[in-house]
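Residues 2 to 164, numbered by the numbering used here, are exactly what the sequence shown covers, in order. These notes are about the structure you will find just below.
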Amino acid sequence: MPLPHWTSDNVLPPGRHPADLSDLYERFVWDAPHRNEREVLFSALSGYLGVVTRLIPSGRAWVGGTITVRSEQLPQDVDVVLIPDDWGSLKRLGGPARAALYGQLTLRGVIAEQPAMYLEQVQPVGGLLDGFLCHPGDEEAWEQTWSRGPVDGIVKGFAEVTW
Numbered sequence: 002m003p004l005p006h007w008t009s010d011n012v013l014p015p016g017r018h019p020a021d022l023s024d025l026y027e028r029f030v031w032d033a034p035h036r037n038e039r040e041v042l043f044s045a046l047s048g049y050l051g052v053v054t055r056l057i058p059s060g061r062a063w064v065g066g067t068i069t070v071r072s073e074q075l076p077q078d079v080d081v082v083l084i085p086d087d088w089g090s091l092k093r094l095g096g097p098a099r100a101a102l103y104g105q106l107t108l109r110g111v112i113a114e115q116p117a118m119y120l121e122q123v124q125p126v127g128g129l130l131d132g133f134l135c136h137p138g139d140e141e142a143w144e145q146t147w148s149r150g151p152v153d154g155i156v157k158g159f160a161e162v163t164w
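Right, here's the structure in full:
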């Protein structure tokens, strides 16, 4: 099912909208300004979801960020919150798979050694994407966050990719 058309506020209508990658491309790249920049972000998202679906057997990804707003401003990133169907499957991930999953998540307030440095934020896909993991019971808080429009008072929709 294709994503709905942009509202007069240049956002998706409020709510969660089921989509696949071709739907995301059509609305967020083809039907928006700055196609070249959006192509790069879409490629980051596509690769990211390819890795994530190998690590998490089944789940949903809510897609937000500036790519989901039709604006004359350059889009900066894609935001993704991952909602696994089976939280236990993540707890059972072995060392390399667990490390790979952590590498797909945005980390804040990181201290690295050799050389010692403080990093305010570490993002997957070269900083083109923020990836978050929704703990069971936190869906409502994420839904409220993903529904905030680019301007106070505007409620926007977001895309939901299921695998």
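Ideal Cβ positions, reconstructed from N, Cα and C, are used throughout, including at glycine.
Helix, strand or coil at residue i [DSSP, three-state]
i	result
P97	helix
A142	helix
L56	helix
D24	helix
E73	coil
I68	helix
G132	strand
Residue i to residue j span [Cα, whole Å]
i	j	result
L56	A101	8 Å
P137	W88	7 Å
S59	L83	10 Å
L129	R149	20 Å
C135	Y119	25 Å
L106	D10	30 Å
T146	G132	14 Å
Closest Cα partner of residue i within the set the options
i	options	result
V180	D87, A45, Q145	Outside the shown range of the chain, which is 2 to 164, sits residue 180, and nothing can be said about it.
P169	Q77, H6, E161	Given that the chain is displayed from residue 2 to residue 164, the structure contains no residue 169 and the question cannot be resolved.
G104	Q124, V12, P14	Q124
A33	G110, A20, T8, R17	T8
D78	L91, V64, S90	V64
R109	Q115, E121, R99	E121
Residue i, buried or exposed, once every other Cβ within 10 Å from all chains shown has been counted against 16
i	result
Y49	buried
I112	exposed
D153	exposed
L75	exposed
R93	exposed
T163	exposed
R217	Residue 217 lies beyond the stretch modelled for the chain, which goes from 2 to 164, so this question has no answer here.
Bridge-paired residues (DSSP) for residue i
i	result
R61	I84, T163
L13	Its beta-bridge partners do not exist; DSSP assigns none.
Y119	I112
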